[in-house]
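Residue numbers (our numbering): 29 to 148. Below is one structure, written out as structure tokens, with a few remarks after it.
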Amino acid sequence: MKKFLIACVACMALLTTSCGVSRQATDNRNVTQTEVVLAKKNYKVVGMVTGESSQNYWFGIGGLSKKSLGESAMSDMYKNANLKGSQAIINVNVSYKNKIILVYTGAKAIATGTVIEFID
29 MKKFLIACVA
39 CMALLTTSCG
49 VSRQATDNRN
59 VTQTEVVLAK
69 KNYKVVGMVT
79 GESSQNYWFG
89 IGGLSKKSLG
99 ESAMSDMYKN
109 ANLKGSQAII
119 NVNVSYKNKI
129 ILVYTGAKAI
139 ATGTVIEFID
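This is the structure:
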């Protein structure tokens, strides 16, 4: 009986664990590229802005591709920025996080950027 109880506890411990994976996108997938020279102090930093997008997969099926998941996060970031006048977003980064539980995978993309405003 003691061996059976230990086996049940071990099985429950294995079934209730999950794996998490996180990585930073190192390539530039920013579709809205503009070239701005920031050689002079003609701008001020307004703040940071973030956007998120998530998707669920069962047995590896369903949801968005990784590219569209990141683009959805960037779209949400631009929507949250509420840019006005001569503001722009620089230093855009997208990080990806995955949560894996047996046959379920939850993927999340988080886009972050710095909002600057150009001054005369």
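Where a beta carbon is used, it is the ideal one built from N, C-alpha and C, also for glycine. Keep in mind it's a predicted model, so treat the numbers as computed, not measured.
Whether residue i touches residue j by CB criterion (8 Å)
i, j, result
"V143", "V74", "yes"
"G91", "A139", "no"
"Y124", "W86", "no"
"A135", "N126", "yes"
"V122", "G88", "no"
Beta-ladder partner(s) of residue i, from DSSP
i, result
"K68", "Per DSSP, none; premise fails for K68."
"M40", "BP columns for M40 are empty, so no partner."
"S96", "DSSP lists no partner for S96."
"M76", "T142"
"S103", "DSSP lists no partner for S103."
Option in the options with minimal Cα separation from residue i
i, options, result
"N108", "G141, A35, Y71", "G141"
"M102", "N126, G88, I117", "I117"
"K129", "I34, V37, A41", "The sequence given here has Ile at residue 129, not Lys. Measuring from the Cα of I129, the nearest candidate turns out to be A41."
CB-CB length for residue i against residue j, believed under 8 Å
i, j, result
"K72", "E145", "6 Å"
Other residues of its chain near residue i: CB distance less than 6 Å, five sequence neighbours each side excluded
i, result
"V77", "M105, N108, A109, G141, V143"
"I100", "It is Ser, not Ile, that sits at residue 100 in the sequence shown. The answer, listed in chain order, is S81."
"K169", "Residue coverage of the chain in this structure runs from 29 to 148, which leaves residue 169 outside it and unanswerable."
Close beta carbons around residue i, own chain, < 7 Å, minus the five adjacent residues each side
i, result
"S114", "E145, F146"
"Q83", "G91, L92, L97, A135"
Close-in-space but distant-in-sequence residues of the same chain around residue i (CB under 8 Å, 5 per side omitted)
i, result
"D148", "N70"
"L111", "I117, V143"
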